[in-house]
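Notes follow the structure.
4 protein chains.
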Amino acid sequence: MIVVMKTGAPTDVIEELATEFEGWGLTPEKIVGTHKIVIGLVGDTASLDEARIQELSPFIEQVLRVEKPYKRASLEFHNGESTTVTVATPNGPVHFGRSHPLVVMAGPCSVENEAMIVATAKSVGASGAKLLRGGAYKPRTSPYSFQGHGESALELLEAARAASGLGIITEVMDTADIDRIAAVADILQVGARNMQNFALLKQVGQQSKPVMVKRGPSATIDEWLMAAEYVLAAGNPNVILCERGIRTFDSKYTRNTLDLSAVPVLQSLTHLPIVIDPSHGTGKSQFVPATSKAAVALNVDSLMIEVHPDPSKALSDGPQSLTFSAFSTLMDELEPVARIVGRDYA
Amino acid sequence: MIVVMKTGAPTDVIEELATEFEGWGLTPEKIVGTHKIVIGLVGDTASLDEARIQELSPFIEQVLRVEKPYKRASLEFHNGESTTVTVATPNGPVHFGRSHPLVVMAGPCSVENEAMIVATAKSVGASGAKLLRGGAYKPRTSPYSFQGHGESALELLEAARAASGLGIITEVMDTADIDRIAAVADILQVGARNMQNFALLKQVGQQSKPVMVKRGPSATIDEWLMAAEYVLAAGNPNVILCERGIRTFDSKYTRNTLDLSAVPVLQSLTHLPIVIDPSHGTGKSQFVPATSKAAVALNVDSLMIEVHPDPSKALSDGPQSLTFSAFSTLMDELEPVARIVGRDYA
Amino acid sequence: MIVVMKTGAPTDVIEELATEFEGWGLTPEKIVGTHKIVIGLVGDTASLDEARIQELSPFIEQVLRVEKPYKRASLEFHNGESTTVTVATPNGPVHFGRSHPLVVMAGPCSVENEAMIVATAKSVGASGAKLLRGGAYKPRTSPYSFQGHGESALELLEAARAASGLGIITEVMDTADIDRIAAVADILQVGARNMQNFALLKQVGQQSKPVMVKRGPSATIDEWLMAAEYVLAAGNPNVILCERGIRTFDSKYTRNTLDLSAVPVLQSLTHLPIVIDPSHGTGKSQFVPATSKAAVALNVDSLMIEVHPDPSKALSDGPQSLTFSAFSTLMDELEPVARIVGRDYA
Amino acid sequence: MIVVMKTGAPTDVIEELATEFEGWGLTPEKIVGTHKIVIGLVGDTASLDEARIQELSPFIEQVLRVEKPYKRASLEFHNGESTTVTVATPNGPVHFGRSHPLVVMAGPCSVENEAMIVATAKSVGASGAKLLRGGAYKPRTSPYSFQGHGESALELLEAARAASGLGIITEVMDTADIDRIAAVADILQVGARNMQNFALLKQVGQQSKPVMVKRGPSATIDEWLMAAEYVLAAGNPNVILCERGIRTFDSKYTRNTLDLSAVPVLQSLTHLPIVIDPSHGTGKSQFVPATSKAAVALNVDSLMIEVHPDPSKALSDGPQSLTFSAFSTLMDELEPVARIVGRDYA
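In the order they appear, the protein sequences are chains S, B, E and V. Taking the numbering used here, I'd label the letters of the first sequence as residues 812 to 1157. Taking the numbering used here, I'd label the letters of the second sequence as residues 812 to 1157. Taking the numbering used here, I'd label the letters of the third sequence as residues 812 to 1157. Taking the numbering used here, I'd label the letters of the fourth sequence as residues 812 to 1157.
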């Protein structure tokens, strides 16, 4: 942490600050220049709050973090090695991580009825998917849109799990629902709109199922990693990160801007497994195959893809869903790309 | 709602769509052009989902909403008249609305201890504030930052309320805390990061205290009004909107970009009262007085301003907090501006 | 400038860097911490390029600028005092600056014909405007939109200048047109889309007419001040800054997001006069009066407002233009606000 | 084009509008609903300006473009077939387009001296690049940064062209320089900051060398295609589009956000060849290989990559430049990805 003093900051203020920092267990080191004085803080600064320091004196111009604000989520914390998150599914354990095959999760935006969810599970499983996605509780911009079937949809997911052997990933929106959902799901999903719902993050961190944290549409990489840090700090080491499109100035042709270049950035910063969701990221099924291939070429650990038996009749997100046969074709097309980057399918 | 068909859409697809829309209780009207066919949907389209329509056929190019997606929050719904939200405080009712005096809410970012919160309440009240703000539960980007004193802080707010006669506004972050907070607060605040926490919006809509919905840092005006619509649709008519800065490409000199021009836009769209929070909006106390005056010149209904007995020692958000005397000076400076736009203080 | 070394940077690399910096005439000062080494650069760092330093070694983690990248545009460079830019007009000198009355510039988006431009000049002059705006060369997104009447419009501006006594401000888009335009205009405008047309900035810096630099729709405050710095560095001290709306994620209800909060930020950073253009900033004439009042409450030095004899027939930007009578009313309404902040009209 | 009238628009206004549109050679068709009246405009609406229509009456609520604003740049204009842009180089013609091998352009940010540019040309040529990039005139944010060697650098590019047989692509920043640059360059580059320098676009459209239009950092897809339309409309059919990163809310770890998902979007909208520039897009050489592979997996037509003999000593953009050997390795790694999508190297 580097504390830049305003030009003309009095010497006694600087001394007082130095004493304060020593009281915090840090070693303050001064650089005295011709115009400016800067204080370098050496020690365990990872948990310090820049704003907290800024408040110490009106003579502080800027507080610059040199270290990363996250700790447990950082690659250094894990000695530079990637984490494997293992998910128990009826068909056996599925591993997410840099040294494992590509894991594909697929399924509809929302669980509509038993027939459709079971059929989808069987079909995507046959094509190579290892987990079934499907929303029971749905975050919708309008209170007048379909909100998901809630609790009853959880039973249908359970039926699909039994019928197909696939693991289940589904979204949790309210701390009050965690236990109910964790009883069925193999991975809990924290959705993009709840990425900074800190009450929720803390509580999914206190249960044992793996958690996938979707990036908020306007979350910086740091904020996203800090959201993961909330879960990790609460005691749950099994966190997966999912990029699903960010909000930019242009949303005419795509629902969001899929931030594919976040993949190599994350690979340089964190040990946590990384998922790309091209369906939400682009919002249009026609762009899903190309962006999926690009994600695999970036050596992502997993893809999450929306698949629906009949996208034109989907209760939500139909325009971004693939049909069974389009998904099956895509899986075939991804295989040679995965092989080039040294992966196989899970 | 206007449905634009792709060039070359077959006649029978268009007929099928028309039949489908009639089944939904709408009157479809076709415009047949030389290149394009467009279907206008007449009837109650406010609760329709564009995406739901798009899903009906791959021959649909675009679905354009002509009507606004929100209903209860719209000015038309209220016959063009503004709403007054009345808040009961020990000192008497406080009215938020276009035809009422400017209401100023003030206080610290977080409740730190009894002495500071009581002193702040008395001081801001003496300067003309009508409600005391103060966080018991704090949303913080880092799990290692001060998270608020929680339940015990609610008691301190209660003490400050009794000592000063001011009403209390404080944030609720978790559905599990609503009852506890509503027992103390006169207004419940839904914070920017929870603006699309739909579980929370639904439940604050089912209780009786007024609700202030802060705009998410990247929420469009429509998304923000839809968040208000969740509360209204759940049965609570007392909703107040608060702009607190949006996220843009530049955050070097201000924490957020305070979207002051949202005020006249909202005044043209909604009947709900509007608050500006220049403290979070700019993140720097030095910019609070000027932007407060601008907000009053825009004829905003209320201001929310951070005040702390000693900003340099604040546990959070010190750099954006005014001292007691700076707040008092600002209140004096706002008075003539308020008078020009035909307002007085509450 | 602060150079943060990567953990484990070898000592000899750090010594080499130190020697390099000394060769540049700087004094490098090291802070050696337990994990990190940081080099503070003392001396004339204003003209240094962060990227140039970063290139020096792969062991450099980050280069942090502590000083501002601009020099001549900074408030410090001017000893903390604001600049007055004086513009010679037929009616006498007009002064832009913090210690002068508010200057209003008004007129149509584009010069359409002699009658309209002369009538507009006379009308806005009668209402209190001191300069006439009017485009001869128009930047338009589409090559099929009206591009301005070009050279012939300059003659019409000259006629309007003679008839009304107002000064003229008009846009220059090409270095090849500078002389021709400077022969007629009293202020040259560099438009938002050309804010980083460096060839243009250099050349308007080499002629003697004052220059108004509009902020690019996605320009940071620093980039904008650097654009002004190009003009200043080329020798022209008479630079005026104009905020005209930035691009954000929401453009449904306004053409741009008028960044009113940039006014106090600029006042704290630069000595140059500041203009707000609420017409382009909001894109809708209905929002111009309120945002103009807010700008004046922020103590801006000048306003630029679009006025057209018949907005519904304007060849460009009609929806954001005021009628003569709306402009006259607005001028009356601005007066008491200007007086509150200690200004009068020019 | 669809014109949505405000609720309560008088019948005679609507009749007048209809007459006006007929006078423009369009066929207006009304849809009369219970609340709203909408006018569909049938005919040649591609060159119409929405704002121009909006201006016709205050009773117009919204003007919605159903057709695309660009014409010559659209896939439909070219009967759904992609364009091949052929560039004459000493080593023979190079073809950019969907049905041709991947073209790689490489070289330094700026031309520094003869030895470095000739060595780079030979090295990247040996690795498979077909064109040499190198800046003679450099757009720099600061007037104090290195601005390129200008005219003398053009001679060095000529020497490198002769020595290596590679074609030359270099940036033009000022209309006054076009002839001089076109005498040397095989492709003229319009840089990101000049994407809406309409004077420049018109003039590069009036000469015969192919033009590469880089996307402005905050340009929408439509604005970018309209910039290409300026060149096409001026008579030059050889336009290439280059994505080089957009500006978003996060620039901590990458200089820009490389918008890889723009590739499939453009492939669905335009017939023009598409280039990705991962060097500017990410700003860090470590992210160039992965994002290059992703671009090739998206079936892009060309890549533009910065290469420098000694990145740590580059006068500009060193941190994003590859060494000769890193470039050579990357070319080898791209080959199998290109083959999967059915391409080979040019």
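For every residue, glycine included, the Cβ atom is placed at its ideal position computed from N, Cα and C. Since this is a predicted model, take the numbers as computed values, not measurements.
Are the Cβ atoms of residue i and residue j separated by less than 8 Å?
i, j, result
"E1144 of chain B", "L1133 of chain B", "no"
"G946 of chain B", "S921 of chain B", "yes"
"F1138 of chain B", "A937 of chain B", "no"
"E892 of chain E", "V874 of chain E", "no"
"V1076 of chain B", "A1108 of chain B", "no"
"S1072 of chain V", "T1102 of chain S", "yes"
"P954 of chain E", "M984 of chain E", "no"
"A993 of chain S", "K1020 of chain S", "yes"
"G1034 of chain V", "T952 of chain E", "The sequence shown places Glu at residue 1034 of chain V, rather than the Gly named in the question. It is a contact, given that the beta carbons lie within the stated cut-off."
Return the bridge partner residues of residue i from the DSSP annotation.
i, result
"S885 of chain S", "S:T1081"
"Q873 of chain V", "V:V815"
"K841 of chain B", "B:I850"
"G946 of chain B", "B:S921"
"I1087 of chain S", "S:E1054 and S:L1114"
"V1022 of chain B", "B:L999 and B:V1050"
"H906 of chain B", "B:T897"
"I980 of chain E", "E:R944 and E:I998"
"L1133 of chain E", "E:V1118"
Any idea what DSSP makes of residue i, helix, strand or coil?
i, result
"I1147 of chain B", "It is worth fixing the name first, because residue 1147 of chain B is Pro in this sequence and not Ile. It is helical."
"A917 of chain V", "strand"
"M927 of chain V", "helix"
"Q865 of chain V", "helix"
"S1072 of chain S", "coil"
"R991 of chain B", "helix"
"E878 of chain V", "coil"
"T900 of chain B", "strand"
"E782 of chain V", "Here chain V covers residues 812 to 1157 and nothing more, so residue 782 of chain V does not appear."
"T822 of chain S", "helix"
Out of the options, point me to the one whose CA is closest to residue i's CA.
i, options, result
"N902 of chain E", "E:A971, E:I992 and E:R909", "E:A971"
"V843 of chain B", "B:V815, B:M1006 and B:F870", "B:V815"
"T1068 of chain B", "B:F1135, B:P1048 and B:V1099", "B:V1099"
"L1080 of chain S", "S:C1053, S:E887, S:Q1097 and S:M1037", "S:E887"
"Q1000 of chain E", "E:E969, E:T981, E:K1063 and E:H1119", "E:T981"
"I928 of chain V", "V:E966, V:M1023 and V:G939", "V:E966"
"R1154 of chain V", "V:T931, V:F1135, V:G939 and V:H911", "V:H911"
Spatial neighbours of residue i within its chain, please: C-beta separation below 7 Å, excluding the five flanking residues on both sides.
i, result
"Y1041 of chain S", "F1009, L1012, K1013 and G1016"
"K1095 of chain E", "T1065, P1130 and Q1131"
"S1123 of chain B", "G1129"
"V853 of chain V", "L837, T838 and E840"
If I measure Cβ to Cβ from residue i and keep anything under 6 Å in the same chain, skipping five residues before and after, which residues do I get?
i, result
"H1091 of chain E", "R1055 and G1056"
"F907 of chain E", "V896, V914, I1051, P1084, D1112 and S1113"
"G1027 of chain B", "A1003 and M1006"
"L1126 of chain E", "S921, E923 and F957"
"F933 of chain B", "The question names Phe, but residue 933 of chain B in the sequence shown is Lys. Answer for K933 of chain B: S975, listed in chain order."
"V824 of chain E", "S868 and F870"
Quick one: what's got a C-beta closer than 8 Å to residue i's C-beta in the same chain, skipping five residues either side?
i, result
"G961 of chain B", "A947 and Y948"
"P904 of chain S", "T897 and V898"
"A973 of chain S", "P901"
"E831 of chain V", "L867"
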